[in-house]
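Engineer: Handing you this structure, nothing more for now.
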Amino acid sequence: MPCSWMSLDAMDISGELQLGVDHEIYRRRLDPTGDALDNEEQHDITLGKSPRERELKEEYCGSCYGAEERDGQCCNTCTEVHDAYRKKGWAVKAASGVEQCESEGEEHRLREQQGEGCALWGSLSVNKVAGNFHFAPGRSYQRGSVHVHDLVPFQDKDIDFSHHIVSLSFGTVYPGMVNPLDGVAVQQANRDNAQGQPGMFQYFLKTSGLSPEHKLPGVFFFYDLSPIKVEIREYKDSFLHFLTNVCAIVGGIFTVAGLLDGMVYFGHNALKKKVELGKLS
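Written out as structure tokens, the structure is:
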């Protein structure tokens with residue numbers, strides 16, 4: 004994916020949102036084979052004004068195509084037109100139908116860079132809470148509580164999501180540090196390999212803070228005390244309690260024996276009466 008197509012955003016559960024991050028993030032354009040197209044390190048290759056923005060005269064007032072918030076509002080650039088549409092909650096217009104976008108050559112630049120890759124490196128500051136950061140095509144913005152990317156300019160373009168993670172680490176790098184995602188690669192999609200086809204690639208990370216220090220060598224056992232106390236008590240039964248248990252057992256035996264004897268006696272008498280009446284054949 005070309006550098007100019009890509010947006011880096013970060014967000015977390017505390018509500019902090021970073022859109023289009025470029026501070027301490029460097030990019031380098033790559034050709035389809037992975038070779039650098041230039042040797043310059045750039046924070047954001049989309050930075051800077053377009054030729055149209057530099058040449059605009061003070062009296063020029065571009066149309067907002069019906070998305071004006073007030074009379075006389077001007078939309079002099081492609082970005083301003085798109086922002087006006089987002090504020091209205093309307094679908095963003097395609098570049099081919101907007102005079103400002105056509106004059107700035109946005110569609111031409113997108114097509115010109117199609118097939119390129121992008122090398123990114125640098126550092127990103129995040130809060131010590133759960134969150135995510137992602138690379139995705141299109142300008143990003145927030146609509147209410149929903150994070151949205153403008154994909155209108157890329158509807159008719161092939162997007163290659165193949166990628167290679169050289170190194171991804173959290174915190175201070177120390178000797179012997181192992182990062183699970185180092186060297187992970189997803190190849191470009193083709194007939195025999197669908198890994199790089201358009202879709203969402205998600206990596207779930209669990210990080211633990213660690214401060215490497217020179218400390219006393221040895222074997223350490225760490226313990227934690229539970230707030231719940233368990234009491235174990237032993238009781239010795241008296242001889243009288245023993246006799247009571249024995250009597251209960253003997254009484255139970257006699258009771259069961261009496262029940263069995265009564266059942267047998269009742270059955271025997273019933274059978275005897277049937278024989279006497281001649282009902283037993």
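First residue of the sequence shown: 4, per our numbering; consecutive thereafter. All C-beta atoms in this analysis are idealised placements derived from N, C-alpha and C, irrespective of residue type, glycine included.
1. May I have the straight-line CA-CA distance separating I28 from S126, to the nearest angstrom?
2. Compare the beta carbon distance of M4 and P140 with 8 Å and say whether it is the shorter of the two.
3. In this structure, how does DSSP classify D25 when only helix, strand and coil are distinguished?
4. Could you round the C-beta distance between G134 and I16 to whole angstroms and report it? I think they count as a contact, below 8 Å.
5. Please state whether DSSP places Y63 in a helix, a strand or coil.
6. Is it true that the CB of G23 sits closer than 8 Å to the CB of S2?
7. Assuming contact is defined by CB atoms lying nearer than 8 Å, are E119 and L33 in contact in what I supplied?
8. Just to check my reading of the structure: G186 and I168 have Cβ atoms closer than 8 Å, yes? What is that Cβ distance to the nearest angstrom?
9. In whole angstroms, give me the CA-to-CA distance for S172 and G92.
10. Helix, strand or coil: which one does DSSP assign to Q145?
11. What are the start and end residues of the beta strand (DSSP E) that includes C121?
12. Rounded to whole angstroms, what's the CA-CA distance from R31 to G69? Just pull it up for me.
13. Taking the alpha-carbon of Q21 as reference, which of F138, D227 and N248 has the nearest alpha-carbon?
14. Would you mind sorting G18 into buried or exposed? The rule is 16 or more other CB atoms within 10 Å of its CB.
15. Is V189 near F207, with beta carbons less than 8 Å apart?
16. What separation, rounded to the nearest whole angstrom, lies between the Cα atoms of S10 and S66?
17. Report the three-state DSSP secondary structure of F257 (helix, strand or coil).
Structural biologist: So, from the data block:
1. Near 6 Å, if we compare the C-alpha coordinates of S126 and I28.
2. It is a contact, given that the beta carbons lie within the stated cut-off.
3. Correct three-state label for D25: coil.
4. The pair is a contact, with the Cβ atoms about 6 Å apart (cut-off 8 Å).
5. Secondary structure at Y63: coil, using DSSP grouped into helix, strand and coil.
6. There is no way to answer for residue 2, as the model of the chain reaches only from 4 to 284.
7. Yes, the Cβ-Cβ distance between E119 and L33 is below 8 Å.
8. Separation of the CB atoms of G186 and I168 is rounded to 7 Å, and the pair is thereby assigned contact status at 8 Å.
9. Using only the alpha carbons, I get a separation of about 38 Å.
10. Q145: strand per DSSP, three-state reduction.
11. Run containing C121: G120 to G125, per the beta strand (DSSP E) assignment.
12. Rounded to the nearest whole angstrom, the CA to CA distance from R31 to G69 is 38 Å.
13. The option with the nearest alpha carbon to Q21 is F138.
14. Classification of G18: exposed, given that the 10 Å Cβ count is below 16.
15. Taking C-beta atoms as the reference points, V189 and F207 fail to come closer than 8 Å.
16. Roughly 27 Å separates the two Cα atoms.
17. It is helical.
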